[in-house]
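Report on the structure given below.
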Amino acid sequence: MGRTLQNTMINLGLQNACDEAVYQLGLDMEELEEIEEDAGLGNGGLGRLAACFLDSMATLGLAAYGYGIRYEYGIFNQKIRDGWQVEEADDWLRHGNPWEKARPEYMLPVHFYGRVEHSASGAKWIDTQVVLALPYDTPVPGYMNNTVNTMRLWSARAPNDFNLRDFNVGDYIQAVLDRNLAENISRVLYPNDNFFEGKELRLKQEYFVVAATLQDIIRRFKASKFGSTDSVRTVFDSFPDQVAIQLNDTHPAMAIPELMRIFVDIEKLPWDKAWDITKRTFAYTNHTVLPEALERWPVDLVEKLLPRHLQIIYEINQRHLDHIASLFPNDVDRLRRMSLIEEGDTKRINMAHLCIVGSHAVNGVAKIHSEIVKTQVFEDFAALEPEKFQNKTNGITPRRWLLLCNPGLAELIAEKIGEDYVRDLSQLTKLHEFVDDDLFIREVAKVKQENKVKFALYLEKEYKVKINPSSMFDVHVKRIHEYKRQLMNCLHIITMYNRIRRDPAKLFVPRTVIIGGKAAPGYHMAKMIIKLINAVAQVVNNDPMVGSKLKVIFLENYRVSLAEKVIPATDLSEQISTAGTEASGTGNMKFMLNGALTIGTMDGANVEMAEEAGEENLFIFGMRVEDVTELDRKGYNAQLYYERLPELKQAVDQIKSGFFSPKDPNLFNDVVNMLFHHDRFKVFADYEVYVKCQEKVSELYLNSKAWTKMVIRNIAAAGKFSSDRTIKEYARDIWHVEPSDLKIPPPNEPRDAGQDKTPNGTAA
2 MGRTLQNTMI NLGLQNACDE AVYQLGLDME ELEEIEEDAG LGNGGLGRLA
52 ACFLDSMATL GLAAYGYGIR YEYGIFNQKI RDGWQVEEAD DWLRHGNPWE
102 KARPEYMLPV HFYGRVEHSA SGAKWIDTQV VLALPYDTPV PGYMNNTVNT
152 MRLWSARAPN DFNLRDFNVG DYIQAVLDRN LAENISRVLY PNDNFFEGKE
202 LRLKQEYFVV AATLQDIIRR FKASKFGSTD SVRTVFDSFP DQVAIQLNDT
252 HPAMAIPELM RIFVDIEKLP WDKAWDITKR TFAYTNHTVL PEALERWPVD
302 LVEKLLPRHL QIIYEINQRH LDHIASLFPN DVDRLRRMSL IEEGDTKRIN
352 MAHLCIVGSH AVNGVAKIHS EIVKTQVFED FAALEPEKFQ NKTNGITPRR
402 WLLLCNPGLA ELIAEKIGED YVRDLSQLTK LHEFVDDDLF IREVAKVKQE
452 NKVKFALYLE KEYKVKINPS SMFDVHVKRI HEYKRQLMNC LHIITMYNRI
502 RRDPAKLFVP RTVIIGGKAA PGYHMAKMII KLINAVAQVV NNDPMVGSKL
552 KVIFLENYRV SLAEKVIPAT DLSEQISTAG TEASGTGNMK FMLNGALTIG
602 TMDGANVEMA EEAGEENLFI FGMRVEDVTE LDRKGYNAQL YYERLPELKQ
652 AVDQIKSGFF SPKDPNLFND VVNMLFHHDR FKVFADYEVY VKCQEKVSEL
702 YLNSKAWTKM VIRNIAAAGK FSSDRTIKEY ARDIWHVEPS DLKIPPPNEP
752 RDAGQDKTPN GTAA
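The sequence shown begins at 2 in my numbering and counts up by one.
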């Protein structure tokens, strides 16, 4: 979520008033804002997407809740020591959190372990361990519409009789100390991005958030006029018309068997009715096609922790496979491919398959990704129910990612086209009229230059490196991962360095290359990549032959509040994943909206950015998905590229020989060995076209006016990438609710005021 103060002031229309009031108290608002800790309760793009979605849902007047876990320790703080990443605990609650309100009156029990007893009256889950879920509510204000939604995060608490109801009264002290075991559930965020780690505590977290949330939803449904009761029990027929639950990846997939358990075991609904309601309630968003990221929980673990849920999953699977067998008799291989249970060394539950079978809609997060989902990853399921599969291209909130972080540009745009674009970003197309307006061109360039000077001062303060603010700010910030190919950027840096040293007199367009991002603590290769970038920076930044022509910075502890500083100052945005690996990307959109040009592959949302702005207004290079597939068919041979390209050979040889690690020449052996022998993401295959494309970038940068005109064309084409547009599509195509542009009257006005606008309809 990042910081909340400035975003709240902007959405409430109070920023100027607050700035002035604080100034009159002799304080500086910006200094105050810097004191707030980031709430970093998720990993990379998937977590930030949820935050943008919350902002858009409130702004569109949808009655929506964001549910998650109130981790005591969020994503770790990254320190760089001697070029290596070192993790520190993110004790973000140390000084309290003024934005949250504990709601002990809505505390709910969550059960684990135990066993299942079957009888004539149905199944009973008994002898369980109970953990209490305590909700904390954080307000989510819409933009200037007097709407405030809720983000409800669950914290784990041990019940007061924890470990004391047993006969072990003997050790009262130990029993109280053991309360920590229960409360560990919400202690810390698992820091993996695009990687599955099948740990018991993680499965406990996933079920914990799901079980508490579903009880909360059902409590709210029963209390509403829709949960009509016929003296005996609630009628749930209208449940899917009143409740829509979106599964953000497979992490909350246990919600499907949990809702079935509530309907069948507790509310005593017949299975078929329960299943119909469940399917119509859930929809699933897929966020990655990397096989190592797909959740596959061992059956043994689920059986121990959630025995009743395993039985329900088996029943879901049996009925699912019976249905497929009736459509495709004797096709045992299809049954194996489509089963929710994977046989093998250890039997596992394929959570994505569970989500697809248990949802009425499945979507990818960019056109190209949704195609891959349909035609490759889940092709058997798409063949069965093609209407179930959709695309919803990701977006970003223009409130945080333009108004808040780049007020200079936001104001400049408002002067030209008015202020309405903040709620309807498609209006940015009006900027096309000003592409040849010399004054506007100069003003856009001036805002960018001011942002760069400000960020250069920040870098000099934090990193003690002298930055040339007129150099091209070439920025690559995102989680560190082999598929994102920070290594390819690194090879380009080494190539530029070698060219400067080979011919110091030759014209060189000066660059400040900024790379930032966290590596999962257990991801060895990602940590080696960080060390390599820092080792290269050490050499480049201290070579007098290079001077101010080339500087390399590794940005420490990349997070939302740092993104808000670096993105507005960026000239060139690096979006260089191997085609077919980045589901969408959202950083790419933030840079586009803030006046950076993109160098990128035809991957994720880059494809749609090129479609919107015109391919000639992005620096597109490299293999397309088809080329990658073809190269896989032929067999990728890294050695060939190494032998054919002298500059690549020189760069790799320098890494290999210890040029960048003279004290330990073999330091980067693992990296080099990977690049030659098991590089799934084919860095060498795109190196040559990447370097050539970078030459075109430098050439255009020399012509400031032509560069800025291309920037304006990009900003004018960025409207599609508002999360408001994304959420409208989810609302209409999946949730079946209509956004409302009704502005609720403020609390100081009578209730009938503000009714001049007519709603398109109301959200459930």
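No residue lacks a Cβ here, since even glycine has one placed at the ideal position from N, Cα and C. Being a predicted model, the structure only gives us computed values, none of them experimental.
In terms of DSSP beta bridges, what is residue i paired with?
i, result
"K552", "T513"
"V131", "H112"
"H119", "A124"
"Y173", "Answer is none; Y173 lacks a bridge partner."
"D138", "K102 and R153"
"W298", "I350"
Express the C-alpha separation of residue j and residue i in angstroms, rounding to a whole number.
i, j, result
"D1", "P748", "Limits of the chain in this structure are 2 at one end and 765 at the other, which puts residue 1 out of reach."
"V626", "D572", "27 Å"
"Q175", "R188", "20 Å"
"C356", "I468", "49 Å"
"A521", "L429", "37 Å"
"Q7", "W736", "31 Å"
"N12", "Y144", "4 Å"
"D734", "V363", "11 Å"
"E612", "D437", "22 Å"
"F669", "I81", "18 Å"
"N595", "E575", "14 Å"
"L172", "M2", "According to the sequence provided, residue 172 is Asp. The question's Leu does not apply to it. Cα to Cα, the separation comes out at about 42 Å."
"N589", "A367", "12 Å"
"A59", "E739", "13 Å"
"L15", "V23", "12 Å"
"K729", "V537", "45 Å"
"E631", "Y637", "9 Å"
"N496", "E700", "Note on identity: in this sequence residue 496 is Thr, with Asn being the wrong assignment. Rounded to whole angstroms, T496 to E700 spans 17 Å at the Cα level."
"Q773", "A686", "Given a span of 2 to 765 for the chain in the structure shown, any question on residue 773 remains unanswerable."
Determine the closest residue to residue i out of the options, with distance taken between C-alpha atoms.
i, options, result
"A584", "D238, G41, D250 and R281", "D250"
"N715", "S360, K417, A614 and E101", "A614"
"K566", "V265, A121, D29 and V476", "V476"
"S770", "H370, L182, L15 and D266", "Only positions 2 to 765 of the chain appear in the structure, and residue 770 is not among them; the question remains open."
"K552", "G588, A580 and P511", "P511"
"Q391", "L385, L403, R400 and E372", "E372"
"Q787", "H252, L598 and V653", "Coverage of the chain is limited to positions 2 through 765, which leaves residue 787 absent and any answer about it impossible."
"R335", "P299, L385 and T579", "L385"
"P545", "K532, R502, M526 and F196", "R502"
"V561", "V540, A506 and L47", "L47"
"R480", "N452, L556 and Y464", "L556"
"Q539", "A294, H525, S549 and I554", "I554"
"T394", "K744, K721, K697 and I745", "K721"
"N490", "E463, T602 and F441", "T602"
So residue i and residue j are supposed to be a Cβ contact under 8 Å. How far apart are they, rounded?
i, j, result
"I109", "L204", "Note that residue 109 is Leu in the sequence shown here, rather than Ile. Incorrect: roughly 19 Å between the Cβ atoms, too far for contact."
"Y484", "T582", "4 Å"
"D671", "M529", "6 Å"
"V423", "P399", "6 Å"
"L488", "V684", "5 Å"
"D769", "G45", "Because the chain in this structure spans residues 2 to 765, residue 769 falls outside the shown range and cannot be described."
DSSP three-state label for residue i, please.
i, result
"A284", "strand"
"Y74", "strand"
"H678", "helix"
"L15", "coil"
"A580", "coil"
"L573", "strand"
"S723", "strand"
"L248", "strand"
"Y144", "coil"
"F329", "coil"
"G755", "Because the pLDDT of G755 is 44, which lies under 50, any placement of that residue in the model is unreliable, and the number read from its coordinates should be weighed accordingly. G755 falls in the coil class under three-state DSSP."
"H477", "strand"
"R338", "helix"
"R443", "helix"
"P387", "helix"
"R733", "helix"
"G45", "helix"
"F227", "coil"
"E88", "strand"
"I745", "coil"
"T599", "strand"
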